[in-house]
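**Student:** Going letter by letter, the sequence shown gives residues 62 to 295 in our numbering.
Glycine included, each C-beta is placed from N, C-alpha and C at the ideal position.
Please see the structure below; I have some questions.
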Amino acid sequence: MRKGSLDMHLFTRTGEPLSWTLRGKILAGIGSALHYLHYEYDQKVVHRDIKASNIMLDSNFNARLGDFGLARALDNEKTSYAEAEGVIGTIGYIAPECFLTGKATQQSDIYAFGALLIEVVSGQRPGTKVNGFQFMVDYVWSLYREGSILEAVDKRLPNDYDTEEATRFLMLGLACSHPIANERPKTHSIVQMLAGSLAVPHVPPFKPAFVWPATMPVDDLSQATSIDTILLAR
Numbered sequence: 062m063r064k065g066s067l068d069m070h071l072f073t074r075t076g077e078p079l080s081w082t083l084r085g086k087i088l089a090g091i092g093s094a095l096h097y098l099h100y101e102y103d104q105k106v107v108h109r110d111i112k113a114s115n116i117m118l119d120s121n122f123n124a125r126l127g128d129f130g131l132a133r134a135l136d137n138e139k140t141s142y143a144e145a146e147g148v149i150g151t152i153g154y155i156a157p158e159c160f161l162t163g164k165a166t167q168q169s170d171i172y173a174f175g176a177l178l179i180e181v182v183s184g185q186r187p188g189t190k191v192n193g194f195q196f197m198v199d200y201v202w203s204l205y206r207e208g209s210i211l212e213a214v215d216k217r218l219p220n221d222y223d224t225e226e227a228t229r230f231l232m233l234g235l236a237c238s239h240p241i242a243n244e245r246p247k248t249h250s251i252v253q254m255l256a257g258s259l260a261v262p263h264v265p266p267f268k269p270a271f272v273w274p275a276t277m278p279v280d281d282l283s284q285a286t287s288i289d290t291i292l293l294a295r
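As structure tokens, then:
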């Protein structure tokens, strides 16, 4: 892929920052790719490692979701994949329920995509500590609550970026990062929201508290990590 990874363009490339138009194009491409994996391929697939360094760009900046080393195909009757070795993925992109269940789901992929949305708009990695917040998603949530969410937009961008689109992308990032898995939008809705043909669902001004998954069997309690790790994941 001639243009390398999205991570390279966001964080290591010198010169002009990635333009707003290209950022939107890349996000739309990855949203479509994720929808394909979840619903249009012969089997449901969970990628399990969606992040900027796994998004490759061709010569026209068309995005390709790469590195399927952790991806797993699910039987049609299954909704999750359990990893015997524990939680797999990259901190900042891992959904909070994964630290309890040890399972990857379509909803945990959506959480990672939410982190990616905020990363692309802000030009900051999900694990960046800002204003006392451990993760970028928490900082963006605080800006949204204060009515100043556009302060999260990458400061390297010129002021002529699309403010309506930036707001929509950031709000969608928060919606995808909802601590409760079932509250996150599905990929078919995400594709429409990215295009602006569907409104982003309501996002509460305060980040909701994580709730133990209602469908998690009691036997899975043995897979839970310490409360300190769970809180860090939030």
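For Arg206 versus Pro266, is the C-beta spacing smaller than 8 Å?
**Tutor:** It is a contact, given that the beta carbons lie within the stated cut-off.
**Student:** Flag this pair as yes or no: are the beta carbons of Thr151 and Val107 separated by less than 8 Å?
**Tutor:** Not closer than 8 Å, so no.
**Student:** Compute the Euclidean distance between the alpha carbons of Leu135 and Lys268, then round it to the nearest angstrom.
**Tutor:** Residue confidence for Leu135 is low, a pLDDT of 49 falling below 50, so the modelled location carries little weight and cannot support an answer.
**Student:** Going by beta carbon distance, what residues of the same chain come within less than 8 Å of Val252, once the five residues before and after it are set aside?
**Tutor:** So the list reads Ala89, Gly92, Ser93 and His96, once near-sequence residues are dropped.
**Student:** Got a sec? Which residues, its chain only, sit under 6 Å from Asp289 by beta carbon, not counting five neighbours each side?
**Tutor:** Note that Asp289 scores 41 on pLDDT, short of 50, meaning its location in the model is unreliable; the coordinates nonetheless yield the value given after this. So the list is empty, once near-sequence residues are dropped.
**Student:** Between which two residues does the alpha helix (DSSP H) harbouring Ala236 extend?
**Tutor:** Looking at the DSSP string, the run of the alpha helix (DSSP H) that includes Ala236 is Thr224 to Cys237.
**Student:** CA-CA distance, Gly208 and Asp103?
**Tutor:** Computed Cα separation, rounded: 43 Å.
**Student:** Excluding five sequence neighbours on each side, which residues of the same chain lie with their C-beta closer than 6 Å to the C-beta of His239?
**Tutor:** For His239, where only same-chain residues beyond five positions count, the Cβ hits under 6 Å are Arg245.
**Student:** Leaving out the 5 sequence neighbours to the left and right, which residues in its chain are closer than 6 Å to Asp68 when beta-carbon positions are compared?
**Tutor:** So the list reads Ala113 and Ser114, once near-sequence residues are dropped.
**Student:** Is His70 closer than 8 Å to Thr248 when the C-beta atoms are compared?
**Tutor:** Result no, Cβ atoms of Thr248 and His70 do not sit closer than 8 Å.
**Student:** Can you list, in chain order, the residues of its chain whose CB lies under 7 Å from that of Leu231, leaving out five sequence neighbours each side?
**Tutor:** So the qualifying residues of the chain are Ile179, Val182, Val201, Ile210 and Ala213.
**Student:** So, are the CB atoms of Ser120 and Arg63 less than 8 Å apart?
**Tutor:** Cβ distance < 8 Å, so Ser120 and Arg63 count as in contact.
**Student:** Taking only the alpha-carbon atoms, compute the straight-line gap between Gly76 and Gly65 and give it to the nearest angstrom.
**Tutor:** Spanning the two alpha carbons is a distance of roughly 16 Å.
**Student:** Starting from Leu126, follow its DSSP beta bridges and name the residues at the other end.
**Tutor:** In the DSSP output, where bridge partners are listed per residue, Leu126 has Ile116.
**Student:** Roughly how many angstroms separate the alpha carbons of Phe72 and Leu118, rounded to a whole number?
**Tutor:** Approximately 15 Å between the Cα atoms of the pair.
**Student:** Ordered along the chain, which non-local residues of its own chain (more than five positions away) have a Cβ less than 6 Å from that of Gln185?
**Tutor:** Closer than 6 Å at Cβ, skipping near neighbours: Met197.
**Student:** Tell me whether Gly193 is buried or exposed, calling it buried when 16 or more other Cβ atoms sit within 10 Å of its Cβ.
**Tutor:** Gly193 is exposed by the Cβ-count criterion.
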